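Just so you know, the protein sequences line up as chains A and B, in that order. Residue 1 is where the first sequence starts when you use the UniProt record's numbering, and the numbers rise one by one after that. Residue 1 is where the second sequence starts when you use the UniProt record's numbering, and the numbers rise one by one after that. Every residue gets a Cβ at the ideal spot worked out from N, C-alpha and C, and that includes glycine. Please read these numbers as outputs of a predicted model, since none were measured by experiment. Here the structure is laid out as structure tokens; the discussion comes afterwards.
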Amino acid sequence: MIPTIPQPRALRIVYGTYIALFFLYLALPLTVVAVFAFNDSQFPSLPWEGFTWNWFFGDSRPMIGVFHERPIIRAVGTSAFVAGIVGLLSVAVGTSNAFLFNRYNFRGKGLLYVLMLLPLVIPGIVLGISILVFSSTVANGMWDIAKMDIQALRPGLLLVILGQFSFIATIATLVISARLQKFDRSLEEAALNLGASRLTAVRTITIPFLMPAMIGALVVAFLMSFENFNTTLMLVGSDAPLTIAMFDRLKEGSTPLLNAVSLLLMLGSSLLALSLILFQRRK
Amino acid sequence: MQSGTRLGFYLLLTPLVLWLALLIVIPHIDMFLVSLRERVGVRQYETSFANYLTFFTEPLYIWTFVRTAVMSVLATIITLLIAFPVSLYIAKIARGRLGQVLFVLCLIPFYVSELVRTFGWMILLRETGLVSNLLQWAGLADQPVEMLYNDAAIMIGLVYTSMLFMVVPLVTTLESLDDSVIEAGYDLGGNGFSVLREIIIPHAAPGIVSGSIVVFMLSLGNYLTPTILGGKDSLWFTEMIYNQFIVRFNWELGAAFGFMLLILSSLIVWGMLKLTRQSLEETMG
Chain A
1 MIPTIPQPRA LRIVYGTYIA LFFLYLALPL TVVAVFAFND SQFPSLPWEG
51 FTWNWFFGDS RPMIGVFHER PIIRAVGTSA FVAGIVGLLS VAVGTSNAFL
101 FNRYNFRGKG LLYVLMLLPL VIPGIVLGIS ILVFSSTVAN GMWDIAKMDI
151 QALRPGLLLV ILGQFSFIAT IATLVISARL QKFDRSLEEA ALNLGASRLT
201 AVRTITIPFL MPAMIGALVV AFLMSFENFN TTLMLVGSDA PLTIAMFDRL
251 KEGSTPLLNA VSLLLMLGSS LLALSLILFQ RRK
Chain B
1 MQSGTRLGFY LLLTPLVLWL ALLIVIPHID MFLVSLRERV GVRQYETSFA
51 NYLTFFTEPL YIWTFVRTAV MSVLATIITL LIAFPVSLYI AKIARGRLGQ
101 VLFVLCLIPF YVSELVRTFG WMILLRETGL VSNLLQWAGL ADQPVEMLYN
151 DAAIMIGLVY TSMLFMVVPL VTTLESLDDS VIEAGYDLGG NGFSVLREII
201 IPHAAPGIVS GSIVVFMLSL GNYLTPTILG GKDSLWFTEM IYNQFIVRFN
251 WELGAAFGFM LLILSSLIVW GMLKLTRQSL EETMG
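Now the structure itself:
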């Protein structure tokens, strides 16, 4: 089972083959998506019609590339905007939660902790519809009482941000809490002994210690928001983020344009993920 | 608590309470209330269980519900069976850096949007896709084969999409198992099978449970994979919720469906935690 215990040769070969097949299975769908981004044809399927860059840079029909396709560019912008806000908001609230759970004992702490974990076990689509229902209850209530029509509470970017934040905040809290638990409180006490105020001690000692986890949480939150589909689907208004825009196109029938977008997404997110892994290894 | 830290306490408590109250607790209560409304006229409602009655008396709804649950359980089991040997290999067998590299290779595909992964399977499995062409080329089929729009395609997609969430907790728990314990098992006369059953699997139990919970949840709540790989008639419960809300605009029935999905997922998560005597805090936190 482990290197120090010798195993029969046949078993080792079978096991090794299984592992190789597994990684083939992992790589296969992504590889075909990437390869067909360069197919000189209207369809991302065989036969192979030759190599082209047109699905990236093409500027005339029928092959308009990603960089000339306005709706896709706009959707990328929307996604990045939403993901940036969700990321910052999640890290802010996650840090605050981590301090609360790490530093204070209070009645109802256990209950709040379980409540805080719940968003992870609620299906994303249910989170989406519950927020949709509640916000429209509030909006209707405001209309009945004050004849105010609050557009922000109708499906749109604000609701998308709140919906994604509602569960990504849990993940940020867990990531940051894990690091805060490893923090040596005596370092903060030393700062206090040296005359620092409580806030200064936290700002100059604890926060820098937490920084790697905060950056990690920010990247993870950004990626999760960028890729979120289920919750977003229920809350989206007229400005579609990228995943929704791509889904709509996929339903209409796919062209290699989608492959090109996908390939860029893959490159972008794996670069971000890899740099995060390297960054954390260095620490 | 001194007065200074008391202020700090409330400052830290406020965002947490606002978040949980406004985005989690109250919306779910409101959704439940909406599911209890029965439309009797234009903007006139009565409180009743009519929506739940509709759910339980319409065979299509019940069937879809049960089918989604069973398929999700099946997807969880298949994912576990495929992921376990891989995780064991990464955590215990691969030497030196190889394990780390393989682990990162496992992570990379999942930083890519689920949409892209599903799109990849679509290219592979559809009538004009690679697998169909491969089969024809190998002489195993004499005409294009459509492999999309069936349950097997949905299953392949679900298992693929959930793999990471099984591999990561498994690798983490297996890495914490000391090699000498396995060696002791062999020294005491155990063979590969008994060591696996008596030492490795019990040790990995927390990882198995948390991985299974997450995979089950993700499959149950998945919308993209069943819709794209299963086609229009894939009969997945989240599709029914979407249809009631967005297509038919029947929010009352949709909210009832959403609540049923929530109850089902909570029950199964709770049951799995009870069965293995673990708590949500240890498993998720």
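Note to self: Which of the three DSSP states is assigned to residue 122 of chain A in this structure?
What the structure shows: coil
Note to self: Suppose the cutoff is 8 Å on Cβ atoms and the five residues either side in sequence are ignored; what does the same chain contact list for residue 241 of chain B look like?
What the structure shows: 254, 257, 258 and 261
Notebook entry, point to check: Can the beta-carbon of residue 123 of chain B be found closer than 9 Å to that of residue 155 of chain A?
Noted result: no
Notebook entry, point to check: Of all the alpha helix (DSSP H) runs that stay within the bounds of the region 87 to 170 of chain A, which reach a length of 4 or more residues?
Noted result: 109 to 117 and 124 to 146
Next item on the list: Go ahead and pull the three-state DSSP assignment for residue 230 of chain A.
Entry: helix
Item checked: Cβ separation of residue 113 of chain A and residue 9 of chain B, assumed to be a contact under 8 Å, to the nearest whole Å -> The pair is not a contact, with the Cβ atoms about 15 Å apart (cut-off 8 Å).
Notebook entry, point to check: What residues from the region 225 to 239 of chain A come within 8 Å of chain B, judged by C-beta to C-beta, listed N to C?
Noted result: 226, 227, 229, 230, 233 and 234
Check: Taking the DSSP output, what are the residues bridged to residue 45 of chain B?
Finding: B:39
Checklist line | Sequence-distant residues of its chain with Cβ nearer than 6 Å to residue 130 of chain B (five each side left out) | finding: 124
Margin query: So, with DSSP's three-state summary, where would you put residue 248 of chain A?
Written below: helix
Check: DSSP on residue 39 of chain A, reduced to helix/strand/coil?
Finding: strand
Next item on the list: Name, please, each residue of chain E whose Cβ falls closer than 7 Å to the Cβ of residue 113 of chain B.
Entry: Protein chains in the displayed structure are A and B, and chain E is not among them.
Check: Going by the beta-carbon positions, is the gap between residue 60 of chain B and residue 211 of chain B smaller than 9 Å?
Finding: no
Item checked: DSSP three-state assignment for residue 233 of chain B, whether helix, strand or coil -> coil
Margin query: Just list the residues that DSSP pairs residue 59 of chain A with in beta bridges.
Written below: A:64
Next item on the list: List the residues of chain B whose Cβ lies closer than 7 Å to the Cβ of residue 159 of chain A, in chain order.
Entry: What residue 159 of chain A touches in chain B: nothing, since even the nearest Cβ is about 10 Å away.
Notebook entry, point to check: Taking the alpha carbon of residue 246 of chain A as the point to measure from, which residue in A:258, A:168 and A:160 has its own alpha carbon closest?
Noted result: A:258
Next item on the list: State the beta-bridge partners of residue 222 of chain A as determined by DSSP.
Entry: Beta-bridge pairing links residue 222 of chain A to no other residue.
Notebook entry, point to check: Does any residue of chain B bring its CB to less than 9 Å from the CB of residue 27 of chain A?
Noted result: yes
Item checked: CB of residue 231 of chain B within 9 Å of CB of residue 149 of chain B, strictly -> yes
Notebook entry, point to check: With distances taken between CB atoms, is the gap from residue 228 of chain B to residue 250 of chain A smaller than 9 Å?
Noted result: yes
Item checked: Sheet register partners of residue 119 of chain B (DSSP bridge) -> Its beta-bridge partners do not exist; DSSP assigns none.
Check: How many Å lie between residue 279 of chain B and residue 209 of chain B at the Cα?
Finding: 11 Å
Next item on the list: Mind checking the region 108 to 126 of chain A against chain B and listing, in chain order, the residues whose C-beta falls within less than 7 Å of any C-beta there?
Entry: 112, 113, 114, 115, 116, 117, 118, 119, 120, 121, 122, 123, 124, 125 and 126
Next item on the list: Output, in chain order, the set of chain A residues within a Cβ distance shorter than 7 Å of residue 26 of chain B.
Entry: 134
Checklist line | Which listed residue (A:164, A:202 and A:216) has its alpha carbon closest to that of residue 125 of chain A | finding: A:164
Next item on the list: Select from A:239, A:236, A:194 and A:176 the residue whose C-alpha is nearest the C-alpha of residue 210 of chain A.
Entry: A:176
Next item on the list: Indicate whether at least one CB of chain B lies closer than 9 Å to the CB of residue 275 of chain A.
Entry: no
Next item on the list: Would you check if there are 3 or more beta carbon pairs closer than 8 Å linking the region 122 to 137 of chain A to the region 236 to 252 of chain B?
Entry: yes
Note to self: My output table needs one value for residue 249 of chain B: the three-state DSSP class, helix, strand or coil.
What the structure shows: coil
Notebook entry, point to check: Thinking C-alpha only, which one of B:63, B:216 and B:222 is nearest residue 77 of chain B?
Noted result: B:216
Notebook entry, point to check: By how many angstroms is the C-alpha of residue 71 of chain B removed from the C-alpha of residue 142 of chain A?
Noted result: 43 Å
Notebook entry, point to check: Which residues, in order along the region 222 to 244 of chain B, keep a beta-carbon less than 8 Å from a beta-carbon of chain A?
Noted result: 222, 223, 224, 228, 238, 241 and 242
Next item on the list: Could I get the ranges of all uninterrupted alpha helix (DSSP H) runs contained in the region 174 to 220 of chain B, with 4 residues as the minimum, in chain order?
Entry: 179 to 187, 192 to 195 and 201 to 220
Check: Hey, quick one: how far does the alpha helix (DSSP H) through residue 198 of chain A stretch, first residue to last?
Finding: 198 to 201
Next item on the list: Check whether the Cβ of residue 189 of chain B lies closer than 9 Å to any Cβ atom in chain A.
Entry: no
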